[in-house]
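The listed protein sequences derive, respectively, from chains A and B.
According to this note's numbering, the first sequence is numbered sequentially starting from 7.
According to this note's numbering, the second sequence is numbered sequentially starting from 34.
We put the beta carbon where it would ideally sit given N, CA and C, even for glycine.
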Amino acid sequence: MKKSELPSLARTTLALVLALATVGLGSAQKYADAAALTAAIDARPEPATSQATLTMTITTADGQTLTREMQTWSEGTAKRIIKFTAPADIKGSGFLTITAADGSEEKLVYLPALDRVRRIAGGQQGDSFFGSDFTYEDITGLDQADYTHELLGVRDGPTYVVEAVPTPASGSSYERLVIEVPEATLVPQRVEYYRAGELVKVLTVAGLAEVAGYTVATERRMESVRDGKATTVTVITQSNLVLDEALPADLFTERFLRR
Amino acid sequence: MTHVARFALQHSRVVIGVFLAVTVVLAISATRIETAAATESLYPDDSRVDAIAEELQATFRHHDRLLLVTSGDIYSGPTMARVAALNAALQRLAGVEDVTSVATAKRMVDDDGFLIVDDLIPRQAPGVEPDAEELAAARAYLAGSPMYQNVTLVSSDGRHASFIIEMADGLDANAFAKSVVETVRTEWVGEYALAGQAFTSMELQSIIGRDLPVLGGLALVVIVLMLFLNFRTLQGTLLPLALILLGVVWGMGLFGLLGGKLMALTVIGPIAVMAVASSFIINMLGRYYFELAHGAGKRVAIDRMLGETGLGVIVSGVAISAAMSTFMLSSLQMVRGLGLVALLGVLASLLASMVLLPALLNVLPVPKHVGDPENPGGLARVLASLGRLTTRRPRVVVLTAVAVVLAGLVGVPRIVTDTSILAFFPEGGATRSSVATVEEVLGGSSTITVWLQGDLGDPALLAAMEAYQHDVANLPELGAGQSIVNVIRALNLTLTGEDALPRTREAVAQELLLYQSSGDVSDLTRFMTLDQQQGVINFVAKSMSTERVAAVTNEMTRLAEARFGDLATVRFTGNPLLEREIEQAMRHDFVISLTLAIALVLIIDSFVRSFRAAAVTIIVLLSTVALQYGLLGWLGLPLNLATMLMGALAIGVGDYAIHLTVRYMEERRHGRDPEQAVMHTLYSTGRQILFTALTLGAGFGALAFASFVPVATLGRLMLLTVGLVGVATLTLLPAASLRFLRDPHARVHLSKELTHEEV
Numbered sequence: 007m008k009k010s011e012l013p014s015l016a017r018t019t020l021a022l023v024l025a026l027a028t029v030g031l032g033s034a035q036k037y038a039d040a041a042a043l044t045a046a047i048d049a050r051p052e053p054a055t056s057q058a059t060l061t062m063t064i065t066t067a068d069g070q071t072l073t074r075e076m077q078t079w080s081e082g083t084a085k086r087i088i089k090f091t092a093p094a095d096i097k098g099s100g101f102l103t104i105t106a107a108d109g110s111e112e113k114l115v116y117l118p119a120l121d122r123v124r125r126i127a128g129g130q131q132g133d134s135f136f137g138s139d140f141t142y143e144d145i146t147g148l149d150q151a152d153y154t155h156e157l158l159g160v161r162d163g164p165t166y167v168v169e170a171v172p173t174p175a176s177g178s179s180y181e182r183l184v185i186e187v188p189e190a191t192l193v194p195q196r197v198e199y200y201r202a203g204e205l206v207k208v209l210t211v212a213g214l215a216e217v218a219g220y221t222v223a224t225e226r227r228m229e230s231v232r233d234g235k236a237t238t239v240t241v242i243t244q245s246n247l248v249l250d251e252a253l254p255a256d257l258f259t260e261r262f263l264r265r
Numbered sequence: 034m035t036h037v038a039r040f041a042l043q044h045s046r047v048v049i050g051v052f053l054a055v056t057v058v059l060a061i062s063a064t065r066i067e068t069a070a071a072t073e074s075l076y077p078d079d080s081r082v083d084a085i086a087e088e089l090q091a092t093f094r095h096h097d098r099l100l101l102v103t104s105g106d107i108y109s110g111p112t113m114a115r116v117a118a119l120n121a122a123l124q125r126l127a128g129v130e131d132v133t134s135v136a137t138a139k140r141m142v143d144d145d146g147f148l149i150v151d152d153l154i155p156r157q158a159p160g161v162e163p164d165a166e167e168l169a170a171a172r173a174y175l176a177g178s179p180m181y182q183n184v185t186l187v188s189s190d191g192r193h194a195s196f197i198i199e200m201a202d203g204l205d206a207n208a209f210a211k212s213v214v215e216t217v218r219t220e221w222v223g224e225y226a227l228a229g230q231a232f233t234s235m236e237l238q239s240i241i242g243r244d245l246p247v248l249g250g251l252a253l254v255v256i257v258l259m260l261f262l263n264f265r266t267l268q269g270t271l272l273p274l275a276l277i278l279l280g281v282v283w284g285m286g287l288f289g290l291l292g293g294k295l296m297a298l299t300v301i302g303p304i305a306v307m308a309v310a311s312s313f314i315i316n317m318l319g320r321y322y323f324e325l326a327h328g329a330g331k332r333v334a335i336d337r338m339l340g341e342t343g344l345g346v347i348v349s350g351v352a353i354s355a356a357m358s359t360f361m362l363s364s365l366q367m368v369r370g371l372g373l374v375a376l377l378g379v380l381a382s383l384l385a386s387m388v389l390l391p392a393l394l395n396v397l398p399v400p401k402h403v404g405d406p407e408n409p410g411g412l413a414r415v416l417a418s419l420g421r422l423t424t425r426r427p428r429v430v431v432l433t434a435v436a437v438v439l440a441g442l443v444g445v446p447r448i449v450t451d452t453s454i455l456a457f458f459p460e461g462g463a464t465r466s467s468v469a470t471v472e473e474v475l476g477g478s479s480t481i482t483v484w485l486q487g488d489l490g491d492p493a494l495l496a497a498m499e500a501y502q503h504d505v506a507n508l509p510e511l512g513a514g515q516s517i518v519n520v521i522r523a524l525n526l527t528l529t530g531e532d533a534l535p536r537t538r539e540a541v542a543q544e545l546l547l548y549q550s551s552g553d554v555s556d557l558t559r560f561m562t563l564d565q566q567q568g569v570i571n572f573v574a575k576s577m578s579t580e581r582v583a584a585v586t587n588e589m590t591r592l593a594e595a596r597f598g599d600l601a602t603v604r605f606t607g608n609p610l611l612e613r614e615i616e617q618a619m620r621h622d623f624v625i626s627l628t629l630a631i632a633l634v635l636i637i638d639s640f641v642r643s644f645r646a647a648a649v650t651i652i653v654l655l656s657t658v659a660l661q662y663g664l665l666g667w668l669g670l671p672l673n674l675a676t677m678l679m680g681a682l683a684i685g686v687g688d689y690a691i692h693l694t695v696r697y698m699e700e701r702r703h704g705r706d707p708e709q710a711v712m713h714t715l716y717s718t719g720r721q722i723l724f725t726a727l728t729l730g731a732g733f734g735a736l737a738f739a740s741f742v743p744v745a746t747l748g749r750l751m752l753l754t755v756g757l758v759g760v761a762t763l764t765l766l767p768a769a770s771l772r773f774l775r776d777p778h779a780r781v782h783l784s785k786e787l788t789h790e791e792v
């Protein structure tokens, strides 16, 4: 089974997070420690490119909803472009992220109504991703070196429970993450995010599917939590997934962003 | 009555023991009554405005606000560092949802193609102060950005900084405000002022805690003094004192057992009970001493006290209870609480007068020197003059009274209603000064929110909202509005350099999309729902009378119709509108309680005595009430939560006037002609009526010293009312009896052996 290539917190973060896990595991599980688990995840091949249609629905506690549709293309983890297709008043707006070899990141936004490409200031990992419960950090993930880890335990399944603590230098907006990974899929099914000792968000990954030999999460649900209660929820579903297909050379450019 | 009396006399010590035990239990209950200081306790049960506010709170995550203004040289490094420290300390307080101040303000900057939404005052490391350049930039941004055009985070002279503290739902507002005060005292060196619902709740609780013991004690002292002047014996002073205290303790204790909570108006209840209980006892004990003074033995005196005066006191007690119970029909929680305390206390006093008093008199020795309470003493000449006046010129007396009442009634249309919560506090007091300071800096201390439903992505609606904000800001009591329009205008200025709203729907949507990718989404959702179908405009409002609130909301509605047309529907909410609802509930209660009090007292009195006697008496009382409200208009005093109660209170406590009517009827039955009957009635009952009026006046007069302004006004007016009832009872009532009650027929005849004549 191959690993899926998704612009998701779930897969990207998990792969990084688990790398440093060191706690020994019980005899029933396949991976003796977190390092072994991470190595197994890292060993899985990734698609070189991906294309998908995303539907992002934000729902507030009192039931208001906002749905946005977008088309995404990505090449590895370094390049990603998003073009909004609905609702009509934001159709054509686009978002381009390019990570250079030195790790620096450029984010560009195109707004057709203003006919201008604008940069978004970097270094604000905790900012909301277009008004959703996902942040840029959730979407892009951090490097594995940005975390220290501890394996908290193994549940029936088996499912590995890992705590990931971002290093001070990471710039993460979180204090720690608690991630659950089923051994069978090696795709995280649940992530809890903590700030100042409080649970602030919960990510649930559902609807795993097989696409071109990769295991793909077709639905990710992020709940913001306050005082133990969900406030807003963002559900991102992806469809029309095409993996490992060659993408046009000028796709990740300002010119395509404007198109 | 005979059975009760017999039981009380046969088992006096048992009766005393039972009363004592119950009193101890109820005293414990009374000490455990909690205070409900939250201003929400003032709002009507079925408040439509409050329902909208709760819906709004759920939709936009709006919270109750506490407003804080601190003074100092704000744009200096050390002071701004203290602002940031205070902001952080407030944010850490339990129950704080959010704090908005210059320390949390954001700026939008187009920096070489980057849209930056960043802290207005850059966050500093501990111990580091912002430099002069940063402060100057912040000052310039606050002065120029449409985002902060209508919000005063720092006053234009740089002398005051404001903090808008949003509270979590369901907090104890009083405790919360206290924790804020403690934090400010710790973190801020310099002056500060507070305003907002939590602040007024804290101040209200402080008043309630102060008023009840102080006013209760004062009323008690003055009543005891009146009792001593009346009876001039230790027994005649201490016995009533014990019974008065019992009435208060039982009333409050039972109120506590029934789950009642102390509120600002509750203080009226115990004082009304004191006054009423003392009037019961003046009549009962007066009769007892009268019998003793005329040679009766103790047992006979007690029998006659119960048999003759007891009946009158019971009828009065039931009538007063009925009048008090009308307050329990109110939709205002604090008026119901007052009604319940008064009702329970009056009934307890009545029970004590009928059962405990005879038992106590039975076990206590007869005083060595007993004066005749019906001997007018030094008042003889005055009462005789009154008798001559009313018997020789009854028509003149009645016509004079009618003229006075009519003159008073002319003042009724001049009555101004005012239920604004700030008017509850004394002018020039600390509470009003604090709110005035906040209003001076922020332009107001409360918020009127306009809730729109429409397509907020439509530039036409946004333009209408902006125009509406300008329109409403021209009303003197309202400040500028704040809405999504301010954010969009600031965003458009930053992105395009054009100080205007975007012209197309797409531009609006895409600029907001960009903001969502750079700024805090809650900056938008506090003003507009995600689907852009609902939005709010918040207008800061100064304190104003409820009449002015009505005018302002009417004007806001008219302007909304003109500006929005079919673009949006609007609803209004906010504390000033809640105060107006209180006024509407109050007017309703006023009519209901006064009408019912009149009807019930009339029915109860006429059932036991005669309809004509009851009607003549109550017409006299009504004249007093009319004059009372007329004076309210003439003196420019507002009709408020407390003064609206005084009509029904006057009808209730003024029912002692019926004692004069009863005595007059008794005199007529014993063959005296009307004029002789009036002369004799005035001579024999005048002193008691005068002392009853003085005692009632002493009780209610104590309320004049209340810190809660409506109660203080009520106290002054009740003092006047009780005086008017006393004067009317001794002048108008005899004259009216001569005109309309020359040949009375009592429904219940007093038993022959208990009549005054035979004694």
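Close CB contacts of A171(B) within its chain, under the 6 Å cut and outside five residues either way in sequence, are with L153 and I154 (chain order). C-alpha of T590(B) to C-alpha of F560(B): approximately 20 Å in a straight line.
In this structure, T173(A) places its C-beta atom within 9 Å of the C-beta atom of Y153(A). Separation of L511(B) and Y225(B) (C-alpha to C-alpha, rounded to the nearest whole angstrom) is 23 Å.
Around I145(A), no beta-carbon contact reaches into chain B at under 8 Å, the shortest distance being about 11 Å. DSSP, read as helix, strand or coil, puts F40(B) in helix.
A distance below 6 Å between beta-carbons, with the five flanking residues on each side excluded, links R596(B) to the following residues of its chain, in chain order: A497, A500 and Y501.
Residue environment analysis places D336(B) among the buried positions, since at least 16 neighbouring C-beta atoms fall within 10 angstroms of its C-beta. In the structure shown, the three-state DSSP call for A194(B) is strand. The region 223–275 of chain B contains, as complete beta strand (DSSP E) runs of 3+ residues, the segments 225–229 (chain order). Straight through space, the alpha carbons of L682(B) and T359(B) are spaced by roughly 10 Å. The three-state secondary structure of V132(B), taken from DSSP, is strand. The continuous beta strand (DSSP E) containing H155(A) extends over residues Y153 to R161. For F572(B), the enclosing beta strand (DSSP E) stretches over residues Q567 to A574. A straight-line Cα-Cα distance of about 28 Å links L557(B) and I104(A). With contacts defined as CB atoms closer than 9 Å, D133(A) and M228(A) fail to qualify as a contacting pair.
In this chain, S178(B) is not harboured by any alpha helix (DSSP H), its DSSP state being neither H nor E. With a threshold of 16 other beta carbon atoms within 10 Å, H193(B) meets it and is buried. Contact of G490(B) with chain A by beta-carbon distance below 8 Å involves D95. By the Cβ criterion, the region 238–256 of chain B is not in contact with the region 105–118 of chain B, since fewer than three pairs of Cβ atoms, one from each stretch, lie closer than 8 Å.
In the structure shown, E169(A) adopts extended strand secondary structure according to DSSP, grouped into three states. Under the 9 Å criterion on CB atoms, A540(B) is classed as interfacial with respect to chain A. If the five residues before and after S62(B) are omitted, its C-beta is found closer than 6 Å to the C-beta atoms of G286, G289 and L290, all from its own chain and listed in chain order. Using a Cβ-Cβ cut-off of 9 Å, A119(A) counts as an interface residue toward chain B, since at least one Cβ of chain B sits closer than that to its own. Among the residues facing chain B, A92(A) is not included, as its CB has no counterpart in that chain under 9 Å away. Taking one beta carbon from each stretch, the region 184–192 of chain A and the region 160–169 of chain A have 3 or more pairs nearer than 8 Å; the two touch. Note on V758(B): 16 or more other CB atoms within 10 angstroms of its CB, so buried under the neighbour-count rule.
G730(B) carries a helical assignment under DSSP once its states are collapsed to helix, strand and coil.
Taking a C-beta distance under 9 Å as the contact criterion, L390(B) and I314(B) qualify as a contact pair.
Scanning chain B for C-beta atoms nearer than 7 Å to the C-beta of V115(A) yields L547 and S550, reported in chain order. Among the CB atoms of chain A, none fall inside 9 Å of the CB of L495(B). Under DSSP, K89(A) shares a beta bridge with Q77(A) and G100(A).
For M751(B), the enclosing alpha helix (DSSP H) covers residues V742 to L763. When CB distances to chain A are screened at a threshold of 8 Å, not a single residue of the region 657–689 of chain B falls below it. Under the DSSP assignment, N519(B) falls outside any beta strand (DSSP E), being part of the alpha helix (DSSP H) whose first and last residues are I517 to T529.
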